[in-house]
Structures are given as C-alpha cells and as structure tokens.
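Per this note's numbering, residue 118 is the first one in the sequence shown, and the count goes up by one each step.
Structure first, then comments.
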Amino acid sequence: MKNNNATFDIQRYLAVMPLFSDLSNEERARLSEGCQLKRFSRGEMVFRTGDPCDAFYVVVVGQVKLFMLAPSGQEKVIEIVGPGQSFAEAIVFLDIPYMINVQSLADSLLLSVGKQAVFKEIEQDHRFSLHMLAGISKRLHGLVHDVEGYALRSGMQRLIGFLLRDVEQDGQIQSGVVTVSLPVSKATIASRLSLTPEYFSRVLHELEAEHLIEIDKREIRILDVRRLASYGSQ
Numbered sequence: 118m119k120n121n122n123a124t125f126d127i128q129r130y131l132a133v134m135p136l137f138s139d140l141s142n143e144e145r146a147r148l149s150e151g152c153q154l155k156r157f158s159r160g161e162m163v164f165r166t167g168d169p170c171d172a173f174y175v176v177v178v179g180q181v182k183l184f185m186l187a188p189s190g191q192e193k194v195i196e197i198v199g200p201g202q203s204f205a206e207a208i209v210f211l212d213i214p215y216m217i218n219v220q221s222l223a224d225s226l227l228l229s230v231g232k233q234a235v236f237k238e239i240e241q242d243h244r245f246s247l248h249m250l251a252g253i254s255k256r257l258h259g260l261v262h263d264v265e266g267y268a269l270r271s272g273m274q275r276l277i278g279f280l281l282r283d284v285e286q287d288g289q290i291q292s293g294v295v296t297v298s299l300p301v302s303k304a305t306i307a308s309r310l311s312l313t314p315e316y317f318s319r320v321l322h323e324l325e326a327e328h329l330i331e332i333d334k335r336e337i338r339i340l341d342v343r344r345l346a347s348y349g350s351q
C-alpha cells in the first residue's frame with residue numbers, strides 16, 4: 118500500500134461526490150486535510166476484522182470486496198465496491214474496530230477519510246451529518262434488500278437478477294441481445310449471492326443449454342433478455 122496525495126487534487130474530487138458536493142470550498146478544504154490517497158495492489162488487504170477503525174474509504178479507481186470469514190475459513194462476500202462508492206462509514210461512529218475484511222480485487226486507488234476529520238466537520242456543520250446519515254441509510258437499504266433476496270428468491274432467481282442488474286431502464290426490461298461482463302471471478306460473485314461455486318456454474322450452464330445465454334469466460338451474452346427475465350420467475 119502506498120500513499121500518493123501529491124499528484125491528486127483531493128478537494129476537487131470531494132466536490133464531485135454526492136456525499137460532499139454540498140459542502141462549501143472552505144468545508145471541503147478542512148475535510149481534505151484529514152484525507153489520504155492510498156494505492157493497493159490486486160489481492161492486497163485494505164484492512165482486516167479487528168484492525169483499529171480510523172477512517173472510512175471511497176474507491177477512486179479499481180474495485181474491492183467486503184467479506185467475512187467463518188470459523189471454518191469459508192469466505193462470505195458481503196459487497197463488491199467500485200469507483201465512486203464508499204464503505205465502512207457506519208463503523209467510524211461505533212468506536213469499535215473494523216468488523217469486516219476488505220481486499221483489493223484489482224490495482225486500486227482509495228481515498229481514506231479520517232475519522233477525526235469527519236467528527237470535526239459534523240461539529241461545525243449539521244448538513245454534513247445529514248449527508249452521512251443518508252449514505253449509511255442507503256447502505257442499510259441495500260443490505261435489507263439482499264436479505265430479502267436470500268429469503269424469498271431462489272438461487273436461480275438471484276443469479277438471473279444479477280445478470281440483469283444493468284439491463285432495466287425506467288423499470289422496463291430491454292428486449293434483444295445484451296452482453297454483460299462479470300466484474301470479478303465467478304467464485305466471488307457466487308459468494309456475494311450466497312451460492313456455492315458449483316451451483317453457480319451449474320445454473321449458468323443450464324441457462325446456456327436453454328439458449329438463453331452464451332458464456333465466454335467472463336463475458337455473458339444474453340440472447341433474449343425478456344425470456345431470461347421470465348425464466349427466472351418460473
């Protein structure tokens with residue numbers, strides 16, 4: 118992991134992020150003093166469960182996975198976070214160590230936002246508190262949606278929903294052929310969807326046998342979007 122603040126305008130980056138865009142230049146300047154830009158190589162750990170929590174993070178470039186380990190050593194991926202997204206915001210308010218593990222899935226550039234800088238800004242401007250609460254609430258809503266999916270949707274439906282996650286427009290399913298790229302390994306996606314890698318692969322090949330998709334490594338060509346969406350509801 119390397120720090121690299123010298124060649125990056127942190128204050129300008131904060132200005133285009135929804136979480137910080139409503140702050141004044143003066144407020145962003147104060148906050149930026151508590152930020153650090155950090156580079157992580159693919160596979161490098163950002164932090165581990167039990168490490169002291171001194172910041173939350175924003176992904177500038179690259180991708181990280183948030184995961185937990187069972188006593189058996191089995192990994193459960195909680196979330197995959199990409200550019201412009203943040204993580205660990207809620208933990209900075211709990212005064213406890215990090216509760217999850219975070220690992221870089223690619224060469225990544227992360228912005229750490231220092232805990233003390235956040236607290237100082239909250240004391241000076243209540244609007245910043247509201248932005249933080251909004252961000253945390255959005256994350257909580259996403260986790261509740263995940264739990265709902267695990268409880269009420271079959272593994273097949275969860276996988277199809279993942280493939281179609283970027284295909285919907287204004288609540289309507291597009292028609293025709295669409296190609297999607299799996300952002301990470303199939304094993305990582307399987308863990309994210311609470312599926313075994315074996316089941317994940319079996320469902321993909323079932324969909325291919327039904328002429329709904331074509332598989333080319335991480336490229337998935339959806340041959341008929343509407344049929345695939347309907348297949349998931351059967």
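Where a beta carbon is used, it is the ideal one built from N, C-alpha and C, also for glycine.
For residue j and residue i, the rounded distance between their alpha carbons
i	j	result
Phe173	Glu206	5 Å
Lys334	Pro300	12 Å
Val178	Leu227	7 Å
Leu131	Thr313	39 Å
Arg270	Met185	22 Å
Asp168	Arg343	46 Å
Phe317	Gly278	13 Å
Gly190	His243	42 Å
Arg156	Ser229	11 Å
Lys232	Ile330	46 Å
Ala146	Val235	12 Å
Phe137	Arg319	44 Å
Ile337	Val198	21 Å
Gly160	Gly252	27 Å
Asp139	Ile239	14 Å
Thr305	Asp224	17 Å
Asp212	Tyr348	46 Å
Val261	Ser254	10 Å
Glu192	His322	24 Å
Ile217	Thr166	5 Å
Leu154	Phe210	21 Å
Option in the options with minimal Cα separation from residue i
i	options	result
Leu345	Ala304, Ala326 and Leu312	Ala326
Leu276	Ala234, Leu324 and Gln233	Leu324
Ser221	Pro200, Val235 and Glu240	Pro200
Asp283	Glu143, Leu257, Thr166 and Val297	Val297
Met134	Gly190, Arg165, Ser203 and Arg156	Ser203
Ile127	Lys182, Leu148 and Ile306	Leu148
Glu143	Met249, Gln241, Glu315 and Ser302	Gln241
Arg309	Glu196, Met162 and Leu154	Glu196
Cys152	Val264, Asp171 and His328	Asp171
Residues that DSSP places opposite residue i in a beta bridge
i	result
Asp333	Glu336
Phe184	Val194 and Asn218
Ala175	Note that residue 175 is Val in the sequence shown here, rather than Ala. The partner list for Val175 (beta bridge, DSSP) reads Ser203 and Leu228.
Segment limits, beta strand (DSSP E) that includes residue i
i	result
Val163	Met162 to Phe164
Ser298	Val295 to Ser298
Range of the contiguous alpha helix (DSSP H) that encloses residue i
i	result
Phe317	Pro314 to Ala326
Please give me, in chain order, every unbroken run of the alpha helix (DSSP H) with length at least 4 that falls completely inside the region 198-254. 232-241
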